[in-house]
Every structure is written in C-alpha cells, then in structure tokens.
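These notes are about the structure you will find just below.
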Amino acid sequence: MCAGGGDLTFTNEGEMIARLRRGDLDALGELYRELGPAMVSLARSLLRDRAEADDVVADCLIRVHEKAAGFRGERGLRTWVLRIVANRCRDLLRRRRFDAGEPEAHDPIAHAGLRVEPLEEWDHALDQEKALRALEQAIGRLPPEQREAVILRDRLGMSQEEVAVTLGIRVGAVKSRLFRARETLKVELKKLLGE
Amino acid sequence: MDDQDLDRTLSRMIAAVGADAQPALLTRARARIEARARQPRFVRWAMRPAALGASVALFVASAGLSLALVSGAPGSAASQSSTLIESLLEERGIETGSVLGTPATDSGSAPDSGGAR
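Here the protein sequences come in this chain order: A and B. Numbers given in our numbering equal positions in the first sequence, counted from 1, plus 87. Numbers given in our numbering equal positions in the second sequence, counted from 1, plus 26.
Now the structure itself:
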C-alpha cells in the first residue's frame, strides 16, 4: 500500500485543471481529497516537524489556487502539486542549515506527525515499531536530495519518471540518488535485522 | 536474507509510514484565499513581495531624482545664500562686485588695481 496514495489519478484531469484555472474552490477541495495524503506525507517526511509541514501544505494549496491559471497541465497535476510542496520544503530546509537545527527526535515518526500501517509478514521476534523508527531516523540522516527521491518513489509510490518530473531532474539522476540512498538504508536495515 | 529480500523489506517498511490529509488544512487555506479575495485589488497587488519591492525601488528613485532637481535648481539653498549676501551688501551701499572679488563693471577696473582708466 502506498502511504501517500500513489496510485491515485483524477478521472478527468483536464476538467479538474480547467476548474482550478477558473479559481473554483470546490475543485481545490477535490484536489486536496485526492492529493492531500501525498502532500502531507511528503511535507512531514521531509521536514520532520508536523506544525511546519502543515503550514507548508496550507501555503501550497493557496499557491496552487493562485498559479493554476498559468498551469498548462503538460506534466500532470500530481507532479505539479508535489513539486510545489517539495520546493517549499527544500527552501525551509535550506534555511534550517543556518541555525542549529533540531535535535534528532526520540520518536521521529510521532514528532513528524506520521502514522504507521502495520506490516504483514513480519518476524514477530523483532519489534516492528522500533525498527520503523530506526529506519525513519536513517532516512532523516540521508542527504536531502536522496531523501526526496526515496520518499517520492517508495513512500508515495511514484514511478522514476514521475520523480524526475517532480524534482526537475533527469531519470538517470533519480536512479543514481535512489541507488545510493537504498545502499545506505540497506546497511542500516541489516543492522536492525541483526544480520 | 538475500539482497532482493532486503530490497523488498526496505520498500515495504518505507511505504508503511505515511500521513492522512487533515481537513483543517483545506479549511485554513480556503479561509486565507477568501480573505484575500475580499481585499481591494490594489491592496492585493501592493501586498505581493515583487510589487512591494518595485514600489520601494520606485520611491527611492523618485526621491533621489527630486533631491537632485531641487539642489540644482535656481533659487536652491546655494544660490539663495549668495543672493542674500548680495542683498545685504547692497542694502549697506557696497558694490557687490568688489567684495566678491570680481571687477566692477562701471569703471572698467578696480580702483586700487593701478590699471589705466
């Protein structure tokens, strides 16, 4: 299951874009019902701060409403909306570099306001929540550009092409970022699983 | 666990964490959009960062230009002071040309210059 609703598509995206371009607030509501989980998951996963992430999502909805008139819809509504969210998060993370930043949370999942979907086929000798928390901390230690790629691909279930469009980079760069990120995370996972 | 299993487990674990859309965020965004729509058009335009920057730049440029025009214009501070001195001297019956170091025009040369009349 994709936590961010990665398989969602609009039944009539063209019509939805036309309504957004006219400034239809009900269309914005429908967009949020479809893409809201992905927007919130992305912002909270990247920023790891619930309040800040929620502000970003609200700001991005306003931005979508304001910028829809200029959106031609060539690259899809979902990638456009998530690109707005990713860019806003990137700006905030860049600003965080200039201050001391936040100490690593004891429970990064709860601190970010994320929820856990229990995993089936899990070795019950291992504490699932503890393992997920440790993995979340490892994701948090990844360089920002690798973290973005992993969240979009594995958490939101986007294809590599969609990730490339969302981040404004080439598919080759996405593959490279994903490979490096996953290699790092697999090392962590091996430690967690006691291998 | 082989590498493929590890990859699969990793993907499942990452996908198991997520978030739900909070209706309150949409309400908050809609309220802000509607509040903006109620503002007069000019205020909305003036509140945009680019417009604000442009207004400040325009103000600074026009203030600078006005200052330059005022200081260079006849009747400005410098020329006014010279007129004042002249008028004071004239009031006391002293020729301004000799005091200011310029030859008097009525005699052709200054009285103490030794020049031929």
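Each residue gets a CB set at the ideal place from its N, CA and C atoms; glycine is no exception. It should be emphasised that the depicted structure is a prediction, and the values quoted were computed from it without experimental measurement.
task = Measure the CB-CB distance between E235(A) and A138(A) and report whether it falls below 9 Å.
result = no
- Item | Reduced DSSP category for G163(A) - H, G, I as helix; E, B as strand; rest coil | coil
Exercise. Taking DSSP as the reference, what is the three-state secondary structure of G79(B)?
Worked result: G79(B) falls in the helix class under three-state DSSP.
- Alpha-carbon to alpha-carbon, G101(A) and A50(B): When rounded, the distance between both Cα atoms is 27 Å.
- Task: With a threshold of 16 other CB atoms inside 10 Å of the CB of E207(A), please say whether the residue is buried or exposed.
- Result: exposed
Open item on the list: Between the alpha carbons of R120(A) and A47(B), how many angstroms are there, rounded?
Closed with: 7 Å
Review point. Comparing the C-beta of I40(B) with each C-beta of chain A, is any distance below 9 Å?
Key: yes
Kindly indicate the opening and closing residues of the alpha helix (DSSP H) around T253(A).
-> Q247 to L254 is the extent of the alpha helix (DSSP H) around T253(A).
inquiry  = Quick check on the DSSP output: the alpha helix (DSSP H) that includes R68(B) runs from which residue to which?
reply    = The sequence shown places Phe at residue 68(B), not Arg. R67 to M73 is the extent of the alpha helix (DSSP H) around F68(B).
message: Check for me: the alpha helix (DSSP H) holding H193(A) runs from which residue to which?
response: Note, H193(A): premise wrong, no alpha helix (DSSP H); not H, not E.
*From what residue to what residue does the alpha helix (DSSP H) around F266(A) run?*
V258 to L279
Decide yes or no for the touch test of the segment 262–271 of chain A against the segment 217–234 of chain A: beta carbon pairs closer than 8 Å, at least 3 of them. yes
If you run the structure through DSSP and keep just helix, strand and coil, what is E60(B)? helix
Beta-carbon gap between L164(A) and M245(A) smaller than 9 Å: no
query = Could one say the Cβ of Q48(B) lies closer than 9 Å to chain A's Cβ atoms, at least one of them?
reply = yes
* Would you say K262(A) reaches chain B, if we count a Cβ-Cβ gap shorter than 9 Å as a contact? -> no
Using the beta-carbon of each residue, which ones in chain C are nearer than 9 Å to L78(B)?
No chain C is present in this structure, whose protein chains are A and B.
Sub-9 Å separation of A45(B) and R131(A) beta-carbons
yes
Query raised in the report: Quick one: is I111(B) buried, meaning 16 or more other Cβ sit within 10 Å of its Cβ, or exposed?
Result: exposed
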